[in-house]
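To start, the structure under review is shown below, and the notes come after it.
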Ligand SMILES: O=C(O)[C@H]1O[C@H](OP(=O)(O)OP(=O)(O)OC[C@H]2O[C@@H](n3ccc(=O)[nH]c3=O)[C@H](O)[C@@H]2O)[C@H](O)[C@@H](O)[C@@H]1O
């Protein structure tokens, strides 16, 4: 319960006095019935307050959408886009692999259970990592992948694969309405600066004049999509009737070496490039085949790498100027 002086306490609900519950009442039965009535009224008032009233809205606007991870990178952009219409990375997720697996397994089971009870449509944010180190290029949704089940990435790869399996099990068994997006490398403002991904690492390093850390020869490839393109794809997927997995990514493929040079030039930086040990089980090539998204969602990315990177560099520059200012200047 909120404290009794809470301004949000609905005026119509009588206040419950703490001593009421603590001291033994003289007439125990009538007093406890009164207490229960008070509690009931307060609970129902609180329940009413927690959800917007949708009953009187036009049917197109009658939507309750629960975003897990809504304070994160992609989740926060998705929340922005949805509000306008009426946000892992190896080093971080590998820090606690058990937690990564639990989030994917228990978290997905919890959400599927909720979707089943409420008959909500559920969107699973899956990943290109389900393809592992792919032997097929570009990757289309019918490719089953090449994942090392016990390697350092497996907590994430296998966690997401299991999350997909759970979705289709709930769909088959209980007819839960699911949508599955396989998201390829995504970047943009609000991505965590120190999460260890290549885009944030290279931009930070370039802006600080530190060496750009290329793992291995730098001939591995990635295809980067800007976050607003992803969000429009997610919204189109949720609005569609297509319940098979859909790749959402930008097919514009670059080697990591090339990508380092692009970041240096766009950030106007003359930082050097250093080659480090290759990362274990690092996928050698990754590029989405987006024919399904084009056909089923009429979707394709529109933001060029150069434009998206300039926006991201601008954001990082601003964050650095705030975060790295001496405390007495703030
Ligand atoms: O950003 C994403 O969307 C994806 O990020 C990671 O996948 P990964 O492709 O390995 O992403 P990065 O860690 O950004 O690495 C991309 C490439 O750059 C290389 N890299 C990374 C960081 C760095 O400092 N230097 C460097 O050369 C990596 O070895 C890799 O080849 C996650 O595992 C995916 O689930 C997620 O979808």
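Residue numbers (mature numbering (1 follows the signal peptide of the UniProt record, and there is no 0)): 1 to 330.
Ideal Cβ placement from N, Cα and C applies to all residues, glycine included.
None of the values given here were measured: they were computed from a predicted structure.
query = Can you tell me whether residue 284 is buried or exposed, with buried defined as 16 or more other CB within 10 angstroms of its CB?
reply = Around the beta carbon of residue 284, fewer than 16 other beta carbons sit within 10 angstroms, so the residue counts as exposed.
request  = Quick one: give me the first and last residue of the alpha helix (DSSP H) that residue 142 is part of.
outcome  = Looking at the DSSP string, residue 142 is not in any alpha helix (DSSP H), and its letter there is neither H nor E.
Three-way DSSP call (helix, strand, coil) for residue 172 in this model = Helix at residue 172.
inquiry  = Determine whether the beta carbon atoms of residue 218 and residue 269 lie at a separation below 8 Å.
reply    = Cβ distance not < 8 Å, so residue 218 and residue 269 don't count as in contact.
message = Tell me the DSSP secondary structure of residue 286 in three-state form.
response = If DSSP states are grouped into helix, strand and coil, residue 286 belongs with coil.
request  = With hydrogens ignored, establish whether the beta-carbon of residue 247 is closer than 7 Å to any heavy atom of ligand 2.
outcome  = With respect to ligand 2, the structure shown offers nothing to examine, as its ligands consist of ligand 1.
query = Any idea what DSSP makes of residue 202, helix, strand or coil?
reply = Helix.
ask   = What do you reckon, are the CB atoms on residue 213 and residue 201 nearer than 8 Å?
value = Yes. Within cutoff.
task = Could you round the C-beta distance between residue 140 and residue 163 to whole angstroms and report it? I think they count as a contact, below 8 Å.
result = About 20 Å separates the Cβ atoms of residue 140 and residue 163, ruling out a contact at the 8 Å cut-off.
inquiry  = When you compare the CB positions of residue 223 and residue 253, do they come within less than 8 Å of one another, or not?
reply    = In this structure, the beta-carbon distance from residue 223 to residue 253 falls below 8 Å.
ask   = Does the Cβ of residue 220 lie closer than 7 Å to at least one heavy atom of ligand 1?
value = Remark: the shortest separation between the CB of residue 220 and any heavy atom of ligand 1 falls under 7 Å.
message = Closer than 7 Å to a non-hydrogen atom of ligand 1 - does that hold for the CB of residue 75?
response = In this structure, ligand 1 has no non-hydrogen atom nearer than 7 Å to the beta-carbon of residue 75.
Where residue 149 falls, given that 16 or more other Cβ within 10 Å makes a residue buried = Its Cβ having fewer than 16 others within 10 Å, residue 149 is exposed.
message = In whole angstroms, give me the CA-to-CA distance for residue 318 and residue 189.
response = Cα to Cα, the separation comes out at about 10 Å.
Member of 78, 244 and 307 whose CA lies at the smallest distance from the CA of residue 167 = With distances taken between Cα atoms, residue 167 lies closest to 244.
query = Rounded to a whole number of angstroms, what is the C-alpha to C-alpha distance between residue 296 and residue 142?
reply = If you draw a straight line from the Cα of residue 296 to the Cα of residue 142, it is about 15 Å long.
query = How far does the alpha helix (DSSP H) with residue 118 in it reach, from first residue to last?
reply = 108-118 is the span of the alpha helix (DSSP H), which, as asked, contains residue 118.
ask   = Within the present structure, is the beta-carbon of residue 282 separated from the nearest heavy atom of ligand 1 by less than 7 Å?
value = Correct: residue 282 has its Cβ closer than 7 Å to ligand 1.
request  = On a CA-only basis, which of 132, 236, 271 and 81 is nearest residue 248? Give me that one, please.
outcome  = Among 132, 236, 271 and 81, the Cα nearest to that of residue 248 is on 236.
ask   = Which residues bound the beta strand (DSSP E) around residue 177?
value = Secondary structure note for residue 177: its beta strand (DSSP E) is the uninterrupted segment 177-183.
key: Option in 255, 309 and 70 with minimal Cα separation from residue 203   = Considering only 255, 309 and 70, the residue with the shortest C-alpha distance to residue 203 is 309.
request  = Alpha carbon to alpha carbon, how far is residue 232 from residue 85? Give it in angstroms, no decimals.
outcome  = One alpha carbon belongs to residue 85, the other to residue 232, and they sit about 11 Å apart.
ask   = Which residue's Cα is closest to the Cα of residue 120: 67, 185, 314 and 152?
value = Selected option, being the one with the closest Cα: 67.
task = Kindly give me the distance between the Cβ atoms of residue 255 and residue 205, rounded to whole angstroms, as I take these residues to be in contact under 8 Å.
result = Rounded, the Cβ-Cβ distance is 17 Å, inconsistent with contact.
ask   = According to DSSP, which residues form a beta bridge with residue 186?
value = Bridge partners of residue 186: 225.
message = With a threshold of 7 Å (Cβ to nearest heavy atom), would residue 170 be considered close to ligand 1?
response = It does not: the Cβ of residue 170 is nowhere closer than 7 Å to a heavy atom of ligand 1.
query = If you follow the alpha helix (DSSP H) that residue 317 is part of, which residue opens it and which one closes it?
reply = Where residue 317 is concerned, the enclosing alpha helix (DSSP H) stretches over 305-323.
message = Can you tell me whether residue 24 is helix, strand or coil according to DSSP?
response = Low per-residue confidence applies at residue 24: pLDDT is 42, beneath 50, and the placement is therefore not dependable, though the value from the model is reported in the following sentence. Three-state result, residue 24: coil.
query = For the beta strand (DSSP E) that contains residue 125, what are its first and last residues?
reply = It spans 121-127 - the beta strand (DSSP E) in which residue 125 sits, taken as one unbroken run.
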